[in-house]
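Numbering that gives the first Met the number 0 puts the first residue of the sequence shown at 0, with every later residue one more than the last.
Using N, Cα and C, we set each Cβ at its ideal position, and we do this for glycine too.
For reference, the structure is listed below as structure tokens.
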Amino acid sequence: MEQGSPITISSSKLEKETLDVGAYCFELAKELWPITRSLTGPGVRETLKILERELPNLQTHSAESGDKAFDWTVPDEWVFRHAYIEAENGDRIIDSAHNNLHVVGYSEPVDTRLPLEELLEHIYTQNNQPDSIPYVTSYYKRRWGFCMSEIQKSQLSSGLYRAVIDADLEPGQMNYGELLVQGKSSKEIFLSTYICHPSMANNELSGPVVTTALANWIMGLENRRYSYRIVFVPETIGSILYLSRNLEQMKQAIVAGFNVSCIGDDRSYSFLPSRNGDTIADRVARHVLRGIDPHYKSYTWLDRGSDERQYCSPGADLPVASIMRTKYGMYPEYHTSLDTLGGVVTASGLAGGFAALQQAITILEQDFVPLSTTVGEPQLGKRGLYPDISQKGSTSRVKDMMDMISFCDGTRSLFEIAELLSVPFARLHELAQPLLAQQLLCDVSGQAGEN
């Protein structure tokens, strides 16, 4: 599928209409943009409610504060309503209604008057980007604080200020979404993205909206080979909780997985491997990205920083890799108010990210183990599969076909043959179809031990 190709999205807004996937993702991101999300709280539930509208089979699950998840504990719930700093004359210096990054995530409630010198102890800026509001959180140590641009901070004058954070931080719930899609096989492909970041576009509205579009496309696939496990979780604690509840089944079922993050800009394509580095997810991701952008940026496991840390951790050891556009931490707007829709994230960037992941899933779905049914090369001419005129360049298709057939001994998958020949999988899959139709190839995947 080319970037920007149409897909069918079923939702309450656009029932059975066909539209551009990038435009769909961008519009969904615009709707989710203003919601104040964190590890817990109403913003997460509101986000999941919107995603459930787009994915009616999405199930919302919860855990109670204090619940154990391996070495972690589910934190108290943060219910945030409003935050502002007010000068003595009543002027609002900053207001979370204008940008929800103005409040330090998970701040304790406060309503106090204090002089500038004391207020500055609770203000965070990004010195090297003086016009940006940084994204700051304090999930596991109680504190309160505000974020503003360095320019705003430099304009504060001595005096008394009122600091208000209207929030609750008390025992409650943590929520996450799970979508299970049944295929012919009980073996699963796993997709995970996170829903705990407030108004930043690439990190992390791009992941949830692209995953939503992928889920819709997957549910529309006819004759799905694999089953799918798709989750929308708070980062780190959410993935650890999910593993603590589902690990044994996941280890038995998952053949490949992708952590979906930072998938919406136009600047580059990036790859981060699993800890193993050579799972089918890793090999397919590299294959796809070589075809899309031969100069894609390849990282190592030591560059990890998202939920692949949990899914690939010792004891979990799941085959989860990451296909990204520009990797988290590697673009200047990362974790600041400069990470905007239309600025960093574009419809075409989202469409490109979707297409890369779609191609990876397509390879997994279409791969099979081919076996040649003839001894010696088959006679292609009598079956109309060989050109009836010889001219320079006319034999490249036949050469690829014959090279493919030469490795079809029932011990390698079509994808493995594509890698061996340095030929795109999609090309070999196309060439294999008439050979299968003519019974010159047969599929022996079941004999190779696939469930």
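Three-state secondary structure assigned by DSSP to R426: Working through the sequence shown from its first residue, we reach residue 426 at position 427. Of the three classes helix, strand and coil, the one that applies to R426 here is helix, per DSSP.
Residue span of the alpha helix (DSSP H) that contains Q181, given as start and end: As a first step, residue 181 is located in the sequence shown; it is residue number 182 there, counting from the start. Segment: none, Q181 is in no alpha helix (DSSP H) and carries neither H nor E.
Reduced DSSP secondary structure (H/G/I, E/B, other) of L317: Reading the sequence shown from its first residue, position 318 is the one you call residue 317. Reduced to three states, the DSSP call for L317 is coil.
Per-residue burial, P377 [other beta carbons within 10 Å of its own, 16 or more giving buried]: On the sequence shown, position 378 is the one that residue 377 refers to. By the 10 Å Cβ count, P377 comes out buried.
Inside the stretch 348 to 411 only - alpha helix (DSSP H) runs reaching at least 4 residues: The stretch 348 to 411 contains these whole alpha helix (DSSP H) runs: 395 to 405.
Backbone CA spacing between L340 and W32 [nearest angstrom]: To locate residue 340, count along the sequence shown from 1; it is residue 341. To locate residue 32, count along the sequence shown from 1; it is residue 33. Cα to Cα, L340 sits roughly 8 Å from W32.
Own chain, CB closer than 6 Å to V208, minus 5 neighbours either side, in chain order: Walking along the sequence shown from the start, residue 208 turns up at place 209. Excluding residues within five positions, the ones whose Cβ falls inside 6 Å are C24, L27 and A28.
Where K326 falls, given that 16 or more other Cβ within 10 Å makes a residue buried: Numbered from 1 along the sequence shown, position 327 holds the residue referred to as residue 326. By the neighbour-count rule (16 or more Cβ atoms within 10 Å), K326 is buried.
Secondary structure, alpha helix (DSSP H): runs of 4+ residues fully inside the stretch 136 to 193: 149 to 153
Those residues which DSSP pairs with A255 across a bridge: By one-based count along the sequence shown, residue 255 stands at place 256. In the DSSP output, where bridge partners are listed per residue, A255 has I188.
The stretch 202 to 219 in contact with the stretch 164 to 173 per 3-pair CB rule at 8 Å: no
Beta-carbon spacing of R324, G263 below 9 Å: Residue mapping note: residue 324 aligns to position 325 of the sequence shown, counting from 1. Residue mapping note: residue 263 aligns to position 264 of the sequence shown, counting from 1. It is a contact, given that the beta carbons lie within the stated cut-off.
Contacting residues, own chain, Cβ-Cβ under 6 Å from E51 (five flanking each side not counted): Here residue 51 is taken as the residue at index 52 of the sequence shown, counted from 1. Setting aside the 5 residues that flank it on each side, E51 is surrounded in the same chain by L57, each with a C-beta closer than 6 Å to its C-beta; the list follows chain order.
Environment of L435 [buried if 16+ CB atoms lie within 10 Å]: Within the sequence shown, numbered from 1, the residue matching residue 435 stands at position 436. Exposed: under 16 other Cβ atoms inside 10 Å.
Coil, strand or helix - W77 by DSSP: Counting from 1 along the sequence shown, the entry for residue 77 is found at position 78. Strand, per DSSP.
Span of the beta strand (DSSP E), counted from its first residue to its last, around T339: As a working mapping, residue 339 is identified with position 340 in the sequence shown. Unbroken run through T339: none, as it is neither H nor E.
C-alpha distance - D197 paired with L301, whole-angstrom precision: The residue labelled residue 197 in the question sits at position 198 within the sequence shown. The residue labelled residue 301 in the question sits at position 302 within the sequence shown. The sequence shown places Pro at residue 197, not Asp. Using only the alpha carbons, I get a separation of about 27 Å.
Of the residues R244, Q437, L349 and A86, the one placed nearest A315, counting alpha carbons only: Looking up residue 315 in the sequence shown gives position 316. For the residues R244, Q437, L349 and A86, the minimum Cα distance to A315 belongs to R244.
Option in R44, V103, E87 and D70 with minimal Cα separation from H334: In the sequence shown, residue 334 corresponds to position 335, counting from 1. Here the closest residue by C-alpha is V103.
Short Cβ contact (9 Å threshold) for A320 with P272: Position 321 of the sequence shown, counted from the first residue, corresponds to residue 320. Position 273 of the sequence shown, counted from the first residue, corresponds to residue 272. Going by C-beta atoms, A320 is nearer than 9 Å to P272.
Collapsed DSSP secondary structure at W111 in the structure displayed: In the sequence shown, counting from the first residue as 1, residue 111 sits at position 112. One point to set straight first is that residue 111 is Thr, not Trp, in the sequence displayed. If DSSP states are grouped into helix, strand and coil, T111 belongs with the strands.
Delimiting residues of the beta strand (DSSP E) encompassing V208: Counting from 1 along the sequence shown, the entry for residue 208 is found at position 209. Counting along the chain, V208 falls outside any beta strand (DSSP E), though it belongs to the alpha helix (DSSP H) covering S205 to M218.
Beta-carbon proximity list for L337, same chain, < 6 Å, skipping 5 on both sides: Here residue 337 corresponds to residue number 338 of the sequence shown, with the count starting at 1. Correct list, in chain order: S131.
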